[in-house]
Amino acid sequence: MKELGFSRCAQEQAVYTRGTGSAGIIVRVYVDDLIVTGESPSEITAFKQQMMGEFEMSDLGLLTYYLGIEVLQGTDGIAIKQAAYARKILTQFGMLDCNSTSIPIEHRSQLHKDAEGSTVDPTEYRRLIGCLRYLLHTRPDLSYAVGVVSRFMERPTVMHFKALKQILRYLKGTINCGLMFSGGNGAVEITGFTDSDLAGDSDDSRSTSGMAFYFNGSLVSWSSQKQKTVALSSCEAEFMAATAAACHALWLRGLLIEMIGAEARPVKLYVDNKSAIALMKNPVFHGRSKHIDTRYHFIRECVESGKIQIEFVRTEEQRADALTKGLPAARLATARHLLGVRDFGP
């Protein structure tokens, strides 16, 4: 690739770029599969001819399928989904004809280590979770539920497997859902949303952090992950969640600069806890934060340097809400829409 004039992205080693502006092209490499994109069809054609001169390659035309992900391209944008893969999971685990449900995990679910419960086959349990985790590439609405059941892979019981089956029942009813990427309004902007529950894990009282990042209004990256230490308050839990999100925001910002030469603008990070926001913006090391691990104060430096811009958002508009807790059906439907999940079924 370097011989053809490409530069490898330092932020993402499998991405190569060549040229700038309308003449620029971006190549994503995975083993021997390549995705090529750019504004200029002639530049893309020239690259294909160069590659075919070096290797025996097949041009599969417009992208429609990649690593198990279906790609639908239209005038209003690009949609990705994994309906065929989801159907394969349901068939493989005997749930294709199950009754669907409107939520993947119960609201205020209290799943815990079940020391007295009857165990199930741990290999089968882990295999199903592995299948579901790959599905998360296009289904952010499943992230929290799959993350919770993943905590019990060491000794899964009937209770845990029942929760796992509920995810499959939810999948049955939303099998054609995926993500939509619209063209945007021409602006180049990354915005992020970060949220946290408080002591949601019944076993160790740790909280769950959620983050969702948008590029020009379309969801491009998200995460739902249990925090590594116990938070003493919702303010502290949100502070730690925002710090993790800030690290990811800087990576996305750097990647965008490398890929398209975008201006180094601050990333807006939306938080729904005013106390946490005050803690992030206040450089004074006072009693409310002196016990927090030093690494979490990284976000203050990001705010002071102008790389991260913290904004308040109401809880009802917090797009990362579904990544930190189980929601009732009506709220989940709203959250799913905010995350950009759409139903592309017939």
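Last residue of the sequence shown: number 425 in this note's numbering, and the count goes up by one each step with no gaps. We put the CB at the ideal spot given by N, CA and C, even for glycine. These numbers were taken from a predicted model, which means no experiment stands behind them.
Anticipated Cβ contact below 8 Å, residue i with residue j, distance rounded
| i | j | result |
| --- | --- | --- |
| E271 | A324 | Correcting the residue identity first, residue 271 is Gly in this sequence and not Glu. Confirmed, about 6 Å. |
| M259 | R421 | 5 Å |
| A399 | D274 | 4 Å |
| E149 | I157 | In fact, because the Cβ distance is near 11 Å, the residues do not count as touching under 8 Å. |
| F126 | I104 | 6 Å |
| L331 | I269 | 5 Å |
| Y349 | V392 | 4 Å |
| P425 | L298 | Contact flag wrong, Cβ pair sits at about 24 Å. |
| K244 | M174 | 7 Å |
Through-space distance from residue j to residue i, alpha-carbon basis
| i | j | result |
| --- | --- | --- |
| I182 | L406 | 8 Å |
| G153 | S179 | 30 Å |
| E390 | S300 | 19 Å |
| A412 | T253 | 11 Å |
| S229 | I208 | 7 Å |
| M359 | K305 | 21 Å |
| L169 | D176 | 8 Å |
| S188 | S313 | 19 Å |
| F172 | L151 | 27 Å |
| V108 | G147 | 15 Å |
| F318 | Y375 | 8 Å |
| A357 | Q129 | 54 Å |
| M232 | E185 | 19 Å |
| T308 | L247 | 31 Å |
| S121 | M131 | 15 Å |
| V94 | G333 | 13 Å |
| K347 | E395 | 18 Å |
| E91 | L214 | 22 Å |
| Y204 | H191 | 16 Å |
| T202 | R87 | 39 Å |
| G385 | E342 | 13 Å |
| F409 | F377 | This sequence places Ala at residue 409; Phe is not what is there. Straight-line Cα distance between these residues: approximately 36 Å. |
| S119 | E133 | 22 Å |
| S303 | A102 | 37 Å |
| R415 | H216 | 15 Å |
| L211 | Y249 | 12 Å |
| K251 | R166 | 8 Å |
| G98 | A89 | 16 Å |
| I123 | N361 | 49 Å |
| L142 | R206 | 29 Å |
| L329 | Q397 | 21 Å |
| K353 | V227 | 27 Å |
| E322 | F423 | Sequence inspection shows Thr at residue 322; the Glu mentioned does not correspond to that position. Whole-angstrom Cα-Cα distance: 35 Å. |
Reference residue i, options the options, closest by Cα
| i | options | result |
| --- | --- | --- |
| Y144 | T322, A162, E135, Q129 | A162 |
| G31 | V115, I159, L190, M130 | Here the chain has residues from 80 to 425 only, and residue 31 is not among them. |
| D200 | G103, K241, T124 | K241 |
| G100 | V108, G84, G117 | G117 |
| A266 | Y249, R344, D155 | R344 |
| D351 | G289, L334, K192 | G289 |
| G84 | T96, L215, F292 | T96 |
| I427 | G262, Y204, H327 | Missing from the structure shown is residue 427; the chain here goes from 80 to 425 and no further. |
| G279 | N255, L311, F292 | L311 |
| L277 | K167, Y249, E315, T322 | E315 |
| N446 | Q92, G419, A165 | An answer regarding residue 446 cannot be provided, because it is not within the stretch 80 to 425 covered by the chain. |
| L113 | G98, A102, S137 | S137 |
| G262 | Q397, D155, L250, F292 | D155 |
| Y164 | S302, F134, V227, C256 | C256 |
| L417 | L329, F292, L142, K353 | F292 |
| E135 | D111, I123, A89 | D111 |
Minimum Cβ-Cβ distance from residue i to chain D less than 8 Å
| i | result |
| --- | --- |
| L243 | Of the protein chains in this structure there is only one, and it is not chain D. |
Three CB pairs or more closer than 8 Å across the segment 195-213 and the segment 233-244: Verdict: yes, contact present.
Stretch-stretch touch, CB-based, cutoff 8 Å, three pairs: the segment 326-343 with the segment 281-289: In short, these stretches do not touch, since the Cβ pair count stays below three.
Stretch-stretch touch, CB-based, cutoff 8 Å, three pairs: the segment 393-407 with the segment 221-231: Verdict: yes, contact present.
Completely contained beta strand (DSSP E) runs for the segment 225-301, where each covers 3 or more residues: Here the runs fully enclosed are 256-260, 269-275, 287-294.
Ranges of the beta strand (DSSP E) found wholly within the segment 372-424, counting only runs of at least 3: Fully enclosed beta strand (DSSP E) runs of 3 or longer: 387-391, 420-422.
Unbroken stretches of the beta strand (DSSP E), 3 residues or longer, contained in the segment 133-160: You should have 148-153, 156-160.
Ordered list of alpha helix (DSSP H) runs contained in the segment 186-225, each at least 4 residues: The segment 186-225 contains, as complete alpha helix (DSSP H) runs of 4+ residues, the segments 201-214 (chain order).
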